[in-house]
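Peer 1: What follows is a structure written as structure tokens; I'll ask about it next.
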Amino acid sequence: MRSYGQFCALAKALDAIGDRWSLLIVRELMLLGPARYTDLLHGLPGIATNLLAARLRHLEEVGVITRELAPPPVATTLFRLTPRGEALVPVLRELGHWGAPFLAEASDDDVFHSYWMALPLELYYRDTAPDEPAVTIELRTGDEPMVLQTVDGKVEARRGRAEKPDAIIGGPPRLLIGVLSGRLPLKKALSRGLEFEGSAQALARISGEPAEAVPA
């Protein structure tokens, strides 16, 4: 990779992770955990296989990722973040926060994977009643469901379905992300096709919206 050739910490950081796709590879490993090469290809639509291989080699050389063998009986190589790579997680969170307003200008042709929402979900939502029993909300959009759960005053997001969700909210990703980013009021999103069932109080507790703003 070509260096900026500058005695500057920011320039050196960009030498390491500033190439196209590099931070998105870090995003995938941050959200998925240890992942196979094919998992990364799936999560990075548009990247050529030879370019992904080159980026992985470079990120390994600069100490951001490492590779390991999956335990038996799965005979495959997994890529994961090193402690140095995990130190980039707060950087990606801040970049996600900074970039969220651009979602309003996104193209309808943009690729979307549901698990990408984990970053904005954990950024924008807080448990407004942390002393109350935990609540679980299932989100249905994109290619797979997501689960929001309150944990110690925070909101955590994971892939999959909830066993007994307190509420279910679903619809097109643009509407859901509009609500998550705070750019689209929930009531307006519901009028545009967002669906909701379950406890209004559960959603209001996580989103911070008054319960009366959500249909019972």
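Read in order, the letters of the sequence shown are residues 1241 to 1456 in the working numbering.
Note that beta-carbon positions come from the ideal geometry of N, C-alpha and C, so glycine has one too.
1. Short check: CB of Ala1429 to CB of Gly1438, under 8 Å?
2. List in chain order: all unbroken beta strand (DSSP E) runs of 3+ residues lying wholly within the segment 1299-1379.
3. Once you ignore the five residues that flank Glu1396 on each side, which residues in its own chain have a CB closer than 6 Å to its CB?
4. Among Leu1359, Gly1393, His1353 and Asp1392, which has the Cα closest to the Cα of Pro1385?
5. Which residue comes first and which comes last in the alpha helix (DSSP H) that contains Lys1428?
6. Would you call the CB atoms of Arg1401 and Val1387 closer than 8 Å?
7. Which of the three DSSP states, helix, strand or coil, is assigned to Leu1434?
8. Just verifying my parser: in three-state terms, what is the DSSP assignment at Ala1456?
9. Which of the three DSSP states, helix, strand or coil, is assigned to Gln1441?
10. Does DSSP classify Glu1396 as helix, strand or coil?
11. Could you check whether the segment 1247-1262 touches the segment 1287-1296, counting it as contact only if at least three pairs of C-beta atoms, one from each stretch, sit closer than 8 Å?
12. Less than 8 Å between the C-beta atoms of Ile1409 and Ile1446, yes or no?
13. Helix, strand or coil for Thr1381, going by three-state DSSP, please let me know.
14. Please report how far the alpha carbon of Gly1382 lies from the alpha carbon of Ala1407, in whole angstroms.
Peer 2: Checking against the coordinates, here is how it stands:
1. As a working note, residue 1429 is residue 189 in the sequence shown. As a working note, residue 1438 is residue 198 in the sequence shown. For Ala1429 and Gly1438, no; Cβs fall outside 8 Å.
2. 1305-1309 and 1317-1321
3. Here residue 1396 refers to the residue found at position 156 of the sequence shown. Only Gln1389 meet the Cβ criterion.
4. As a working note, residue 1385 is residue 145 in the sequence shown. It is His1353 whose Cα lies nearest to the Cα of Pro1385.
5. Start at 1 with the first residue of the sequence shown, and residue 1428 comes out as number 188. Segment Leu1426 to Ser1431, the alpha helix (DSSP H) holding Lys1428.
6. Indexing the sequence shown from 1 puts residue 1401 at position 161. Indexing the sequence shown from 1 puts residue 1387 at position 147. Taking 8 Å as the Cβ cut-off, Arg1401 and Val1387 qualify as a contacting pair.
7. Residue mapping note: residue 1434 aligns to position 194 of the sequence shown, counting from 1. DSSP places Leu1434 in coil when its eight states are reduced to three.
8. As a first step, residue 1456 must be located in the sequence shown, where it is residue number 216. Note that Ala1456 scores 46 on pLDDT, short of 50, meaning its location in the model is unreliable; the coordinates nonetheless yield the value given after this. Of the three classes helix, strand and coil, the one that applies to Ala1456 here is coil, per DSSP.
9. Within the sequence shown, the letter at position 201 stands for residue 1441. Looking at Gln1441 - three-state DSSP - the assignment turns out to be helix.
10. On the sequence shown, residue 1396 is found 156 positions in, with the first residue counted as 1. Three-state DSSP puts Glu1396 in a strand.
11. yes
12. As a working note, residue 1409 is residue 169 in the sequence shown. As a working note, residue 1446 is residue 206 in the sequence shown. Cβ atoms of Ile1409 and Ile1446: not closer than 8 Å.
13. As a working note, residue 1381 is residue 141 in the sequence shown. Here Thr1381 sits in coil by DSSP.
14. Numbered from its first residue, the sequence shown carries residue 1382 at position 142. Numbered from its first residue, the sequence shown carries residue 1407 at position 167. Near 18 Å, if we compare the C-alpha coordinates of Ala1407 and Gly1382.
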